[in-house]
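In what follows, a single structure is set out as structure tokens and then discussed.
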Amino acid sequence: MGEVDFSRGAEVEVSSDEEGFRGAWFAATVIRSASKKKKLLVEYQSLMADEKGSKPLREFIDAVHVRPRPPRELDPSFKKSEEVDAFCNDGWWEGIIINVLENSRFSVFFRGSREQIEFGISELRLHREWVDGSWVPPLEEQSKSSKTEAKCNKRALKVKCSKGKSVVKLSKGTLVEVSSDEEGFQGAWFAATIIKTIGKDKFLVEYQSLKTDDETEPLREEVDTLHIRPFPPELPKVDCLSLFEEVDALCNDGWWVGVIAKVLSNSRYIVYFRKTKEEMELGHSELRPHQDCIGGKWVRASQV
Numbered sequence: 001m002g003e004v005d006f007s008r009g010a011e012v013e014v015s016s017d018e019e020g021f022r023g024a025w026f027a028a029t030v031i032r033s034a035s036k037k038k039k040l041l042v043e044y045q046s047l048m049a050d051e052k053g054s055k056p057l058r059e060f061i062d063a064v065h066v067r068p069r070p071p072r073e074l075d076p077s078f079k080k081s082e083e084v085d086a087f088c089n090d091g092w093w094e095g096i097i098i099n100v101l102e103n104s105r106f107s108v109f110f111r112g113s114r115e116q117i118e119f120g121i122s123e124l125r126l127h128r129e130w131v132d133g134s135w136v137p138p139l140e141e142q143s144k145s146s147k148t149e150a151k152c153n154k155r156a157l158k159v160k161c162s163k164g165k166s167v168v169k170l171s172k173g174t175l176v177e178v179s180s181d182e183e184g185f186q187g188a189w190f191a192a193t194i195i196k197t198i199g200k201d202k203f204l205v206e207y208q209s210l211k212t213d214d215e216t217e218p219l220r221e222e223v224d225t226l227h228i229r230p231f232p233p234e235l236p237k238v239d240c241l242s243l244f245e246e247v248d249a250l251c252n253d254g255w256w257v258g259v260i261a262k263v264l265s266n267s268r269y270i271v272y273f274r275k276t277k278e279e280m281e282l283g284h285s286e287l288r289p290h291q292d293c294i295g296g297k298w299v300r301a302s303q304v
């Protein structure tokens, strides 16, 4: 990443590793730098030091958790399936627009919490990432080549989205993926087949990789519709995954969301898992580009 001068008075955004705040960015101002600029003293704009809200919170932050303030579009417009940041609970959280409502209102889905919240246009901004000292995607007003590249990226995303089915019928024999709320398994998806329908919102499924306690036969389990999704569509094969690309990694019999932290030789990668803060070396065949099923359609994640 390019060098950035976070001098006194610079307007920045700060991320946190604390439980419940991961993935959010909070607006702050640099008060001073310390420890050869590896740490910064910042003052938050919305977070307060006490319950009375009389004094802004100040704290020292590692420089790796600080980035410049993202640019804002002068005349923003948002579309369905577009990735945005939504201002909520004093910070900016990444989500996906799943419905465009009346009066410039939008319904936003958050992957991490699986929540759906309605926002006004002033509470949203186009989602951008700080990559190698520049914002991706760039502002509309930037160079013509950048605009062309951004349009190509949006067009590719629309093509991928259009391949998803708007309505998926779950019936006996359907290949699906199942999530779990159990401690240690949250965030992972496990391949399974529907054996039969149980009532209106439940299914009996048989897992492809998970076994019973005695390891003699595939595990069967009753699962509600909130924990089932269609099996992801197969994307065109690529020879190499990109640095910082969001992927699913096949590990411990399930697919876990991670980010390519390093590209190695012989089609191997170092993958970083945000929730556990772990890194793991995996081969190309053990990875797939990350997708989310939103409103019955598959949406490809942007690079992060």
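For what it's worth, UniProt numbering labels the leading residue of the sequence shown as 1, then goes sequentially. No residue lacks a Cβ here, since even glycine has one placed at the ideal position from N, Cα and C.
Could you tell me the alpha carbon to alpha carbon distance between residue 141 and residue 189, rounded to whole angstroms? Because the pLDDT at residue 141 is just 47, under 50, the model does not fix this residue reliably, and the value given afterwards should be weighed accordingly. Rounded to whole angstroms, residue 141 to residue 189 spans 40 Å at the Cα level.
Quick one: what's residue 251 bridged to in DSSP? 254
For residue 12, report the span of its beta strand (DSSP E) as first-last. Here the beta strand (DSSP E) through residue 12 covers 11-15.
With H, G and I counted as helix, E and B as strand and the rest as coil, what does DSSP make of residue 33? strand
Is it buried or exposed, residue 19, if we count other Cβ atoms within 10 angstroms and call 16 or more buried? exposed
Assuming residue 83 is part of the beta strand (DSSP E), what are its boundary residues? 83-88
Express the C-alpha separation of residue 91 and residue 85 in angstroms, rounding to a whole number. 9 Å
Can you find a CB in chain C that lies within less than 7 Å of the CB of residue 176? In summary, chain C is missing from the structure at hand, where a single protein chain is found.
Taking residue 136 as part of the beta strand (DSSP E), name the residues at either end of that continuous run. Annotation: the continuous beta strand (DSSP E) that includes residue 136 extends over 134-136.
Compare the C-alpha of residue 204 against each of 15, 185, 224 and 191 and name the closest. Of the candidates 15, 185, 224 and 191, the one whose C-alpha sits nearest the C-alpha of residue 204 is 224.
Go through its chain and collect everything with a Cβ distance to residue 104's Cβ below 7 Å, but skip five positions before and after it. 120 and 121
Which of helix, strand or coil DSSP assigns to residue 237: coil
Tell me whether the stretch 237-248 and the stretch 204-223 touch, counting them as touching only if at least three CB pairs, one residue from each stretch, are closer than 8 Å. Under the 8 Å Cβ criterion, the stretch 237-248 does not count as touching the stretch 204-223, having fewer than three qualifying pairs.
Unbroken beta strand (DSSP E) runs of length 3 or more, entirely within the UniProt domain "Agenet" (76-132): which are they? Whole beta strand (DSSP E) segments, 3+ residues: 83-88, 91-100, 105-110, 115-120, 124-126 and 129-131.
Rounded C-alpha distance that separates residue 129 from residue 228: 30 Å
Quick one: measure Cβ to Cβ for residue 250 and residue 279, integer angstroms, because I've assumed they're closer than 8 Å. Not quite, the Cβ-Cβ distance comes to about 16 Å (not below 8 Å), so this is no contact.
Please identify the residue among 114, 95, 93 and 79 whose C-alpha is closest to the C-alpha of residue 102. 79
Rounded to the nearest angstrom, what separates residue 266 and residue 289 at their Cα positions? 18 Å
Exposed unless 16 or more other CB atoms sit within 10 angstroms - verdict on residue 271: buried
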